[in-house]
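This report refers to the structure that appears directly beneath it.
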Amino acid sequence: MHIASLFPPPVIRTERVLLRQIEFKDLNALYEIFSDERVMEYWSSVPYTSIEQADQLISHIQTGYEEESFLQLGIEHIESKRLVGTATLHAIQQQCSRAELGYALHPAFWGQGLMHEALTALIRYAFDQANLLRIEADIEPNNTASAKALVRLGFEKEGYFPSRWVVNGVVSDSEMYGLVNANFKL
Ligand SMILES: CC(C)(COP(=O)(O)OP(=O)(O)OC[C@H]1O[C@@H](n2cnc3c(N)ncnc32)[C@H](O)[C@@H]1OP(=O)(O)O)[C@@H](O)C(=O)NCCC(=O)NCCS
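For what it's worth, the working numbering labels the leading residue of the sequence shown as 395, then goes sequentially.
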């Protein structure tokens, strides 16, 4: 079992979103997302305060593609042609065919099921095309929107890790979720 077919990055189209490679033209859109306090409330780092951080993120993402180490795709809202979020498979473990899922959506687009649509497509791709056996997610226990999104996809809460993160001097716990193909809800 080998998951190298996650790369090159796929282009995945659903009814309302296009999952696609992130490029330098996405700089301002990415900055808007990752500098927003609502998006970063439960994130593993503080909100961006300069556009250079978004620039570095793009470089980091592109290195991830080149080295086949992590896959962060842009979520483009087809109707507005706007980059509204990202969906990521990281901590890719080739030998065990597993990865961790991450996601962020601009708050103007919350509550419409767009992330559900994007993650459904990415997970389908990961299980069917890239042969992943398992996908994991690590969330802050108060992040109810994220927990709901995971449960809706079929993830199960599998564990609780106290004092797992320190962000800006604040210690927080993690709830760990996992999904295997058989439990995936289309
Ligand atoms: C986590 C996050 C992506 C969830 O966004 P979201 O818009 O609530 O997620 P979804 O796309 O799954 O949408 C679900 C909501 O849309 C509604 N919805 C409307 N149409 C829908 C459809 N066709 N399909 C599914 N849901 C639909 C659902 O009822 C649900 O609303 P509810 O939460 O009030 O029940 C968003 O809150 C976010 O970006 N948070 C900040 C970043 C973050 O914390 N990421 C996770 C870190 S691990």
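C-beta: ideal position from N, C-alpha, C; glycine also.
Is Lys579 helix, strand or coil when you go by DSSP? In the three-state reduction of the DSSP assignment, Lys579 falls in the coil class, being assigned neither a helical nor a strand state.
On the three-state DSSP scale, how would you describe Asp567? In this structure, DSSP gives Asp567 an extended state, which the three-state scheme calls strand.
Grouping DSSP H, G and I as helix and E and B as strand, with all else coil, what is Gly505? Here Gly505 sits in coil by DSSP.
Between which two residues does the beta strand (DSSP E) holding Thr538 run? If you look at Thr538, you'll find it isn't in any beta strand (DSSP E); it sits in the alpha helix (DSSP H) that goes Thr538 to Leu547.
Helix, strand or coil: how does DSSP classify Ile452 here? Secondary structure of Ile452 (DSSP, three-state): helix.
Output the residue ranges of the beta strand (DSSP E) runs that lie fully inside the segment 435 to 492 and measure 3 residues or longer, sorted by chain position. Counting only runs of at least 3 residues, the segment 435 to 492 fully encloses the following beta strand (DSSP E) elements, listed from N- to C-terminal order: 465 to 471 and 476 to 487.
Examine the Cβ distances between the segment 465 to 479 and the segment 495 to 510 and report whether three or more of them are shorter than 8 Å. Yes, the segment 465 to 479 touches the segment 495 to 510.
Out of Ile533, Asn562 and Leu573, which has the shortest C-alpha to C-alpha gap to Phe549? The shortest Cα separation from Phe549 among Ile533, Asn562 and Leu573 belongs to Leu573.
Below 8 Å, can you find three or more Cβ-Cβ pairs linking the segment 490 to 498 to the segment 521 to 538? Contact between the segment 490 to 498 and the segment 521 to 538 is established, with three or more Cβ pairs separated by less than 8 Å.
Contact check, Asp449 vs Leu483, beta carbons under 8 Å: Taking 8 Å as the Cβ cut-off, Asp449 and Leu483 do not qualify as a contacting pair.
State the beta-bridge partners of Phe401 as determined by DSSP. DSSP output for Phe401 lists no bridge partner at all.
Near Val565, which residues of its chain fall below 6 Å by C-beta distance, leaving aside the five closest residues on each side in sequence? The beta carbon of Val565 is closer than 6 Å to those of Ser557 in its chain, skipping five residues each way along the sequence.
Are the beta-carbon atoms of Ala524 and Ser399 separated by less than 8 Å? Yes. Within cutoff.
Would you mind stating whether Pro441 and Glu431 have Cβ atoms separated by less than 8 Å? It is a contact, given that the beta carbons lie within the stated cut-off.
When DSSP labels each residue in this structure, what does Arg432 get in the three-state scheme? In the three-state DSSP reduction, Arg432 falls in the helix class (H, G or I).
Using a threshold of 8 Å, state whether the C-beta atoms of Leu513 and Leu547 are closer than that. Contact: yes.
Give a single yes or no on whether Ile533 has its beta carbon closer than 7 Å to a heavy atom of ligand 1. Answer for Ile533: yes, Cβ within range of ligand 1.
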